[in-house]
Structure formats: structure tokens, C-alpha cells
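Residue numbers (my numbering), protein chains in the order written: chain A, 118 to 587; chain B, 1055 to 1318.
Cβ coordinates follow ideal geometry from the N, Cα and C atoms, glycine included.
First the structure, in the form of C-alpha cells, and then the observations on it.
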């Protein structure tokens, strides 16, 4: 593959109404590659595409095309064409005129336009559709017209914004392969946006996994699937068992109190880590032969394989296997070291550690009120003098989402990852991120009211300017 | 089978207030005072041909001016923020909350000798009678019927998907080309319904010319009103002729619209 960089984003930042959409994105797109921006809705992938297309100017940072800065170049002056979400075909023009639109603007001769349009109609398999009004076409056909309309302009880079989203499954699969072949044939750089991980893996040379305006990982589909950079990527791409582990030493991780060999090193001794094991990488064996044992609690036939849910000391594992073990069977589980992926935890600390000021204290009731981001929160069974600053270590279980809607703070849900026993949720408020656990499933990229429970929190009095008693 | 019962009140309404009056107009147009068939009323109405022509001319002129004002305004509105858009819509609608005759009479007061507009024009050093001419009639028409041009064009423009604009830019269109290749062709249905909604009432309206125009500016609507007092046969004949002309006009407009949609 060509190693020349065609488009380059440097520290690109975008925010709307104070909300950060892209957080200093750096991305190099190579000439003639098929690159996919993948991520959940609201991750900033479409925004990135719109910046490349010229429909949006970054607040800061630079965009280079072939080495030239093109931040201020309007879309009509860029050698880039877009296949829009829901196609955006011109309803007042027929198939031929839709495709010829760009060429007519370039003042090509009639013969040139005719040859190019005819050729492109053949490429997208729509010969004989020239005179049809676009409103009379099926979704798949409109899709092809949109692709032909963009490609006929012979762009250096083709941007595709979830172009297959509106098609049914069968047609989508066909179009995936066709698009891939088209890209090979034309040798144009394709930048493809999707939230469908399977689509991304099927089509791309490289995948860019995005979340919350940041790039989580860039790599080939194989790399991303086999060596996810963190628990978010592992969770988003394919199915995965994501478990809490402790790195005892190099090449040895403790999962559920069992020491298991792995192929990773370079972590601190006894560092808490996320362990990712793909369901198909778990070998089912006799209970005595396994590294871990568990009981099958549920089996679902998925066509190619069975999906088994296994209860292993209260933690649920997912196993994919072509052989079925009936519900209630005790089984052993084995994983080869290569198939155990160790990664740093998404949240840097085990507990939430933050500073807060005591607003008022009540010695009789042994309680106080502290200030968290401008909200007053009552703390029971602890009393420190008014005006003092405390360093608080709050375990993840001390934060919960208020069911009644009356929370102390409004928080944005950054990520939700199932850890076999509970969901590990990272939320973000105005000034910081928080780690919490919950039995409930929460919707990522939404806002929720959160409450604090300081029962298991640890308080340390900071040295105050006032020098009050300890 | 679908029940027809719910449509009965509407059918009765249309029968009593549309079909029967229409039939009566046709009946009177083709009969004389004693009820015998005759084409004399049509022959008599030829006397008013010049009023007819002038009415259509004034209607056409008013419609064209309305379009010239309304189109850019609608375009600006459709591109504006929702709040700005609502304020402008409100301002356009506001005069319509007042009685039609009041609005006309307001213009009489403004344009007459020593009226506000008249004084302003005098200050500019011009000495022209503002009231009592065809110009004042056109002004009154434009003022009264402008909202009927703005609203349909604006609502069609508002519906134009911004992605189509982006798609055109993406394919190499600058601002002018985006307008001529996308926005204008897609707004044609709005223009057509706007023209219909302004031309039809201006061609047949009365009172505007009586208040704002001079003696020679009477329009066909005023003539019909006048003649009906004396001779309902000739009045009916003129009404019928006007209706047919307007009908032909609407058919031509719609045909033009359909062709535009099919060809483009």
C-alpha cells in the first residue's frame, strides 16, 4: 500500500455550545487506503468527515490536503467528494442529471460528460436508468446514484457518511463488498464513517475507533480485534469478556483469585488491569482440567456456534463454542496466554479521589455539608470544621444514578462496560470524570442525575491556610 | 365499504353555497329579464373589455411586484435563525389581523393631500398626486396580497434540505450556482402557488381601486359590483367571463409547473 499521506488532521478541535465534539484529533489518512471512522453515535466521526469535506471549520487545529493547509478552502474548491447520509440526491433532476451535476459545473463538454456518466452508470450497475426520476428508485439504487455522482468528479478522496445505514441487511452486505471492490478498482482514497463494527472490519484497510471526540485506537481490522487498546475498544468491536484482574508480575495475571499465564508484561506489580478474553478463545474442558470452573446457566444457538453463559463464582462469562453443553453442566475453562489481552484500566485510579470544601458542619448530628462543583452535598457520620478542605476517596459504589431524577449533579455518561458482575460506568461532570458501578445498564452519551453516598468514603483533612485543628 | 356519512355535511355545504350559486350565475348569464335564453348579456359586457384588460394588467403587475419583493425575502427568511424567522413571519401576518377595508383606508389617509406619505414626498421636493391613480391601486394590491406570495414560497424554501445545498457545494457549486441549480428549481412550486394566490384575487377584487384609484382606474370587480345592483344578467355574464379567464390562467400555471417538474 502507498505510504503517502493525503489528508492530515493536526490537533483539530471543535465544540458546539460549549460541548467538546472533537478533542484535539490527530489523524493521517494515506493515499489510496480504505479508512473507516468507527464509533458510537455522538463520538465525533461525522464531524471529522464534515471537517474534511469543508462543511465545518475547526475551532483550532489544522487540516492539510497533500501537504497544503486547507482550513479556509470552501467545499466547492476541494478535491474531495461526499456520499451523504440518506444520499441527498437532487429531487428535481433525473439519474443522468444528478450524476452529471458536478461535471456540468466544471464546464466539461457535452461529449465528455456523456462518456463519463455512461461509464459511471456501468460501474455502479445502473445502465438504462438515465431518465428515471430519483424518487422512483429503491434505496439501494439511490445509494448507487449517490456514489456515482461523487465518483464521476474523480476526487482524490471520497467521503462516505454512513452510506449503508438505510439499507436492509442483505443489500448492505452486498454493497459492502461492492464498495470495497470499487475502491480497489478506482484506487481512490475512501474515508468511510459507520457505527457498525462488522461493516468497519469487513471493508477497511485501517479502522479509526473514536469515542467522545477522541481517537481510541487506529489499526488494521485484525489489530483492532485481536489487540484492542483498551476496554472500550474491546467492548465496541465484537463480543468480549471484560474482567477485572490484577497483574501479579510479568506474564502472570490474577483473575477471580486464580493465577493465569498471559503474554503481556510491563505493568506494575499488583497493578489492577482490565482483562479482555474473546468468547471464541475460551476452550471448554472437564472441570478438573480447566484454569477456571463454572456452571452453564444459559445457551443460545447462533447458527455458526452456541453462545453459552457461564457462571464462574458469581461472574458471568460468555463462551462461543460449536459444541453445546446443556444448562446446569459444570465445565472447565482454558485460555492460552496469547488470547488473554491485558490493558490499562480506562479510569486511572481505583477510587474517585477529589478535594472538597466543607460549607457547614453539625457536631451534634455528626454530619456536614460539602461543596462539589457548586452543589451542596450532605455527608452523614463525618464532621470536619467549616471552611476546611478535605481530600476524599470515594469508592465507585459510592456514586449512583438517581432513579427519581433528583441528583446532586448532572453527569454525562462516557462509557458503560459490563464486567461480568456489574457495569463499570465512567461519567463526566463539569470539572472531572468519575468512576461508578451499577447493576443497571445505562445509555452511553446521555445525561443522568447522580447522587453520592459517603458511607465507605475516606476523608483526609488537607493543610489549610487557616491552620485549624486536625 | 367506506362510509360516506361523514362527508354529507360538506356535500350539502358545497351544494348550497357553491354549486347552486354557480348554477344561478350561469342561468342569469344566458337569460334575459323574462327568463328567455339569450347571449345579449355577453354582447353587452363587451362594452367593459377595456376595464377587463386593465384589471388583468394591474393584477399581473401587482403579482410581479409581489414576487420581486417576496422571493428574496423568503430566501432570507429560510436562511435565518428560527427566532428571526418567527419575528418576520409575525410582522408579515400582523396587518392581516386588521380588516381589509381598514387597511385600504389607512393608505388613503397616508397618500391623500397632507397625509404622512404625501408630506414626506413633498419634503423631498416632489409634487405629484399620490392618490387617485393606477400606481396607488397597485400599491394597495401589493400591500394587501404580499403575505399570500411570501408564505407559500417561504414554506417551500424552508423544506429544501440543507444537505442538498451541501451536496451541490461538494460537487463544485459556488453560492450563485447553488442558488440557480438547486434552490431556485426546487422553489418553483412555491412560486407557482404564490402567483396563483395573488393573481386570482387581485384580478377580481373590488374596493381597492374605488378607494385608491381615480375615476379611470375602476377594476372589473368594481364594475361587477356596480352592475349587479341594476342588471344581474349582464353582471352574471361578466362574472362568468372573469371566472373562465381565471380558470384558464390556473390551468396554464399548473401545466407550466408540472412541465417544470418533469423536464427539470
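Is the segment 1243–1250 of chain B touching the segment 234–243 of chain A, taking contact as three or more C-beta pairs under 8 Å?
With the rule of 3 Cβ pairs closer than 8 Å, the segment 1243–1250 of chain B does not count as touching the segment 234–243 of chain A.
Measure from the C-beta of residue 1221 of chain B to each C-beta in chain A and report whether the shortest distance is under 7 Å.
Locating residue 1221 of chain B in the second chain gives position 167, where the first residue counts as 1. Yes, residue 1221 of chain B counts as interfacial toward chain A.
Distance cutoff 7 Å, beta carbons only. Does residue 219 of chain A sit that close to anything in chain B?
Mapped onto the first chain, residue 219 of chain A falls at position 102. With 7 Å as the cut-off, residue 219 of chain A counts as an interface residue toward chain B.
Among the residues of its own chain, which have a CB less than 6 Å from the CB of residue 399 of chain A, if the five just before and after it don't count?
The count along the first chain starts at 1 and reaches residue 399 of chain A at position 282. In the same chain as residue 399 of chain A, and ignoring 5 residues on each side of it, the C-beta atoms closer than 6 Å to its own belong to 436, 450 and 452, in chain order.
Around the C-beta of residue 583 of chain A, are 16 or more other C-beta atoms found within 10 angstroms, so that it is buried, or is it exposed?
Within the first chain, numbered from 1, the residue matching residue 583 of chain A stands at position 466. Note that residue 583 of chain A has pLDDT 46, beneath the 50 cutoff, so the model's placement of it is unreliable and the number below is only indicative. Per the 10 Å Cβ criterion, exposed.
Can you name the residues that DSSP bridges to residue 402 of chain A?
Counted from its first residue, the first chain places residue 402 of chain A at position 285. DSSP, once it has assigned bridges, lists A/449 as partnering residue 402 of chain A.
Under DSSP, the beta strand (DSSP E) around residue 1256 of chain B begins and ends at which residues?
Taking the first residue of the second chain as 1, we reach residue 1256 of chain B at position 202. Boundaries for residue 1256 of chain B: no beta strand (DSSP E) harbours it, while the alpha helix (DSSP H) harbouring it runs 1238–1258, taken from the DSSP string.
Just the chain B side, please: which residues come within less than 8 Å of residue 205 of chain A by C-beta, in chain order?
Position 88 of the first chain, counting from 1, holds the residue named residue 205 of chain A. Residues of chain B whose Cβ lies closer than 8 Å to the Cβ of residue 205 of chain A are, in chain order, 1215, 1217, 1218, 1220 and 1221.
CB contact below 7 Å: residue 154 of chain A versus chain B
Here residue 154 of chain A refers to the residue found at position 37 of the first chain. No, residue 154 of chain A does not count as interfacial toward chain B.
Since residue 170 of chain A meets chain B, which of its residues come closer than 7 Å, beta carbon to beta carbon?
On the first chain, residue 170 of chain A is found 53 positions in, with the first residue counted as 1. Under the 7 Å cutoff, chain B gives 1224.
Should the segment 350–358 of chain A be regarded as contacting the segment 305–321 of chain A, the criterion being three or more beta carbon pairs within less than 8 Å?
Three or more Cβ pairs closer than 8 Å define a contact, and the segment 350–358 of chain A meets that threshold against the segment 305–321 of chain A.
Between the segment 188–201 of chain A and chain B, which residues of the former have a C-beta closer than 9 Å to a C-beta of the latter?
Per Cβ criterion, the list reads 191, 192, 193, 194, 195, 197, 198, 199 and 201.
Just tell me which of B/1282, B/1297, B/1255 and B/1245 has its CA closest to the CA of residue 1308 of chain B.
Along the second chain, read from residue 1 onward, the residue named residue 1308 of chain B stands at position 254. The option with the nearest alpha carbon to residue 1308 of chain B is B/1245.
Taking only three categories from DSSP, how would you classify residue 484 of chain A?
On the first chain, position 367 is the one that residue 484 of chain A refers to. Three-state DSSP puts residue 484 of chain A in a strand.
Who does residue 415 of chain A pair with in a DSSP beta bridge?
Counting from one through the first chain, the residue named residue 415 of chain A turns up at place 298. Beta-bridge pairing links residue 415 of chain A to A/426.
Closest to residue 1106 of chain B by CA distance: which of B/1258, B/1283, B/1062 and B/1282 is it?
Sequence index remark: in the second chain, residue 1106 of chain B carries index 52 (1-based). Cα-wise, what sits closest to residue 1106 of chain B is B/1258.
Helix, strand or coil: which one does DSSP assign to residue 464 of chain A?
Walking along the first chain from the start, residue 464 of chain A turns up at place 347. Residue state, collapsed to three classes: coil.
Sorted by chain position, which residues of the same chain lie with C-beta nearer than 6 Å to residue 412 of chain A's C-beta, five sequence neighbours on each side aside?
By one-based count along the first chain, residue 412 of chain A stands at place 295. A distance below 6 Å between beta-carbons, with the five flanking residues on each side excluded, links residue 412 of chain A to the following residues of its chain, in chain order: 428 and 447.
Residue nearest to residue 342 of chain A in terms of C-alpha spacing, selected from A/433, A/328, A/324 and A/292
For the purposes of this step, residue 342 of chain A is taken as residue 225 along the first chain, with counting starting at 1. Per the Cα distances, A/324.
Classify residue 327 of chain A as helix, strand or coil using the three-state DSSP reduction.
The count along the first chain starts at 1 and reaches residue 327 of chain A at position 210. Strand, per DSSP.
Give me, in chain order, the residues of the same chain whose beta-carbon lies closer than 6 Å to that of residue 1318 of chain B; leave out the 5 immediate sequence neighbours on both sides.
Here residue 1318 of chain B corresponds to residue number 264 of the second chain, with the count starting at 1. Model confidence at residue 1318 of chain B stands at a pLDDT of 43, short of 50, so the residue's coordinates are unreliable and nothing is read from them.
Is DSSP giving residue 1120 of chain B helix, strand or coil here?
Taking the first residue of the second chain as position 1, residue 1120 of chain B is located at position 66. Of the three classes helix, strand and coil, the one that applies to residue 1120 of chain B here is helix, per DSSP.
Quick one: does residue 1201 of chain B have its CB under 7 Å from some CB of chain A?
By 1-based counting over the second chain, the position of residue 1201 of chain B is 147. By this cut-off, residue 1201 of chain B is not an interface position.
For chain A, is any of its Cβ atoms less than 7 Å away from the one on residue 1227 of chain B?
What you label residue 1227 of chain B is simply residue 173 of the second chain in a count that begins at 1. Residue 1227 of chain B counts as touching chain A.
Please report the straight-line C-alpha distance between residue 277 of chain A and residue 198 of chain A, rounded to a whole angstrom.
Here residue 277 of chain A refers to the residue found at position 160 when the first chain is read from its first residue. Here residue 198 of chain A refers to the residue found at position 81 when the first chain is read from its first residue. One C-alpha to the other measures close to 9 Å.
Identity of the residue in A/181, A/160, A/189 and A/182 nearest residue 174 of chain A by Cα
Along the first chain, one-based indexing puts residue 174 of chain A at 57. For residue 174 of chain A, the nearest C-alpha among the options comes from A/189.
Tell me the DSSP secondary structure of residue 366 of chain A in three-state form.
Against the first chain, residue 366 of chain A aligns to sequence position 249. Residue 366 of chain A sits in a strand when the DSSP states are folded into three classes.
With distances taken Cα to Cα, identify the nearest neighbour of residue 1120 of chain B among B/1138, B/1146 and B/1223.
Taking the second chain and counting its residues from 1, one reaches residue 1120 of chain B at position 66. For the residues B/1138, B/1146 and B/1223, the minimum Cα distance to residue 1120 of chain B belongs to B/1146.
Residue range of the alpha helix (DSSP H) that includes residue 1096 of chain B
Here residue 1096 of chain B corresponds to residue number 42 of the second chain, with the count starting at 1. Run containing residue 1096 of chain B: 1094–1099, per the alpha helix (DSSP H) assignment.
In terms of residue numbering, what span does the alpha helix (DSSP H) encompassing residue 301 of chain A cover?
For the purposes of this step, residue 301 of chain A is taken as the residue at position 184 of the first chain. Unbroken alpha helix (DSSP H) run through residue 301 of chain A: 286–303.
Once you ignore the five residues that flank residue 488 of chain A on each side, which residues in its own chain have a CB closer than 7 Å to its CB?
In the first chain, counting from the first residue as 1, residue 488 of chain A sits at position 371. So the list reads 473, 474 and 476, once near-sequence residues are dropped.
With a cut-off of 7 Å, does the C-beta of residue 135 of chain A fall near any C-beta of chain B?
Counted from its first residue, the first chain places residue 135 of chain A at position 18. Taking 7 Å as the CB threshold, residue 135 of chain A stays off the interface with chain B.
Less than 7 Å between the C-beta atoms of residue 138 of chain A and residue 161 of chain A, yes or no?
Here residue 138 of chain A corresponds to residue number 21 of the first chain, with the count starting at 1. Here residue 161 of chain A corresponds to residue number 44 of the first chain, with the count starting at 1. Taking 7 Å as the cut-off, the Cβ atoms of residue 138 of chain A and residue 161 of chain A count as close.
Unbroken alpha helix (DSSP H) run spanning residue 566 of chain A, endpoints:
Translated into the one-based positions of the first chain, residue 566 of chain A becomes position 449. Looking at the DSSP string, residue 566 of chain A is not in any alpha helix (DSSP H); the run it does join, the beta strand (DSSP E), is 564–569.
If you draw a straight line from the C-alpha of residue 337 of chain A to the C-alpha of residue 1129 of chain B, how long is it?
As a first step, residue 337 of chain A is located in the first chain; it is residue number 220 there, counting from the start. As a first step, residue 1129 of chain B is located in the second chain; it is residue number 75 there, counting from the start. Roughly 47 Å separates the two Cα atoms.
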